[in-house]
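Taking this note's numbering, the leading residue of the sequence shown gets 140, the next gets one more, and so forth. Quick notes on the structure that follows.
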Amino acid sequence: MSQRVRKAVFPVGGLGTRFLPATKAMPKEMLPVVDKPLIQYAVDEAREAGIEEMIFVTGRGKTAIENHFDRDIELEQVLKSRGKTAELDDLQALMLDAGNVIYTRQQEAIGLGHAVWCARHWIGDEPFAVLLADDLVQAKTGCLKQMIDRYNETGGHLVAVENVPREHTNRYGVLDVVETKGNLVKARDLVEKPDPAVAPSTMSIIGRYILDPSVIKELDRHDVGAGGEIQLTDAMARTLDRVDFHGLQFDGTRFDCGSKRGFLEATISFALERPDLSDAMQDIVNRYAK
Ligand code: UTP
């Protein structure tokens, strides 16, 4: 039986340059899909998966994220006095358990691996999840819950994967797959952003990980990899002589909300799923269809 996954790291220290100027004064993770910021979808997914401790690795200009999950007593009073109870309930449901949320800062955005390393003292010596809020997954059962349900079987590192077109492998961490059993793949290696011509497969990691804590020791080295950044996948690769490594082809649709196309698609798809908005969105889509 694998050790329970109780902690999740949310690296939100990136600069979001692909979304400038929107992200100049507002964190990318606060961009709303319909009426909920990206980071809230990720936190809700972690809660559904039974995560108890949430560790945010933030950076300069990211205080809106802390405020989003904090109480706003003035706003609550206004909503109460106006009888807006549904909105009040929604706000109160946002609150994270006191004492179970940590904000730490990555002083310089020098890579995802570095962001996770910044959380090392709070992770300690137990398996932990990492969720990248800009990868938004629409699924009946949340992607992280699907992973945790399989983690007992796999232990080690378990990542969410999907098959991408070969010409896109240079955007992802890609698995060197040795075995496929249903929706679970076993891998012996992984490469960050390989050229399509040499990519070991097209099975690519999306922004959900369950990691063995031994990866932290590898991150201590601060080795720089693809794109001049400290890569999480490089550190994972160095543990694979002693840690099992699996990918789960999850049920659901992933939207890369760090890109404009993915973000627009997510907005349409999530609105179409909402009972209060689906007719309106369908009407909009039909009207603009060529
Ligand atoms: P991205 O590769 O999307 O980078 O990071 P970015 O800076 O956020 O956005 P662009 O490419 O400039 O538009 C993937 C995830 O890793 C986090 C980001 O916040 C995002 O959730 N990240 C990345 C960090 O926390 N720190 C870093 O140094 C880099």
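Positions of the beta carbon are idealized from the N, C-alpha and C atoms, including for glycine.
query: Pairing CB atoms from the segment 170-189 with CB atoms from the segment 269-283, are three or more of them under 8 Å?
result: yes
query: Taking the continuous beta strand (DSSP E) assigned at S343, which residues delimit it?
result: The residue labelled residue 343 in the question sits at position 204 within the sequence shown. Counting along the chain, the beta strand (DSSP E) containing S343 begins and ends at 342-350.
field: Distance between V240 and V269 (C-alpha atoms, nearest Å)
entry: Counting from 1 along the sequence shown, the entry for residue 269 is found at position 130. Counting from 1 along the sequence shown, the entry for residue 240 is found at position 101. Those two C-alpha atoms are separated by around 14 Å.
- request: Rounded to whole angstroms, what's the CA-CA distance from I369 to T293? Just pull it up for me.
  value: Residue 369 sits at position 230 when you count from the first residue of the sequence shown. Residue 293 sits at position 154 when you count from the first residue of the sequence shown. Spanning the two alpha carbons is a distance of roughly 26 Å.
task: Can you give me the Cβ contacts of E205 inside the same chain, cut-off strictly under 8 Å, excluding the 5 residues immediately before and after it?
output: In the sequence shown, counting from the first residue as 1, residue 205 sits at position 66. Only F195, T197, Y242 meet the Cβ criterion.
field: Secondary structure of D395, DSSP reduced to three states
entry: Residue 395 sits at position 256 when you count from the first residue of the sequence shown. Strand.
message: For the beta strand (DSSP E) containing M286, name the first residue and the last one.
response: For this step, residue 286 is matched to residue 147 along the sequence shown. M286 -> not in any beta strand (DSSP E); alpha helix (DSSP H) instead, spanning 282-293.
message: Using a 10 Å radius around the Cβ and a threshold of 16 neighbouring Cβ atoms, would you call P166 buried or exposed?
response: On the sequence shown, position 27 is the one that residue 166 refers to. With 16 or more Cβ atoms within 10 Å of its Cβ, P166 is classed as buried.
message: The beta strand (DSSP E) that contains I312, what's its start and end?
response: Here residue 312 corresponds to residue number 173 of the sequence shown, with the count starting at 1. One point to set straight first is that residue 312 is Gly, not Ile, in the sequence displayed. Counting along the chain, the beta strand (DSSP E) containing G312 begins and ends at 312-320.
message: Taking the alpha-carbon of L387 as reference, which of Q245, Q142, I344 has the nearest alpha-carbon?
response: Indexing the sequence shown from 1 puts residue 387 at position 248. Among Q245, Q142, I344, the Cα nearest to that of L387 is on I344.
- prompt: In terms of alpha-carbon separation, which member of E247, A374, S141, V276 lies closest to V151?
  reply: In the sequence shown, residue 151 corresponds to position 12, counting from 1. With distances taken between Cα atoms, V151 lies closest to E247.
query: Helix or strand or just coil, what does DSSP make of Q388?
result: Position 249 of the sequence shown, counting from 1, holds the residue named residue 388. Looking at Q388 - three-state DSSP - the assignment turns out to be strand.
message: Taking the straight line between their C-alpha atoms, what separation do you get for A203 and M169?
response: Here residue 203 is taken as the residue at index 64 of the sequence shown, counted from 1. Here residue 169 is taken as the residue at index 30 of the sequence shown, counted from 1. Distance between the alpha carbons of A203 and M169 is about 8 Å.
- prompt: Looking at T378 and D351, is the spacing between their C-beta atoms short of 8 Å?
  reply: Against the sequence shown, residue 351 aligns to sequence position 212. Against the sequence shown, residue 378 aligns to sequence position 239. For D351 and T378, yes; Cβs fall inside 8 Å.
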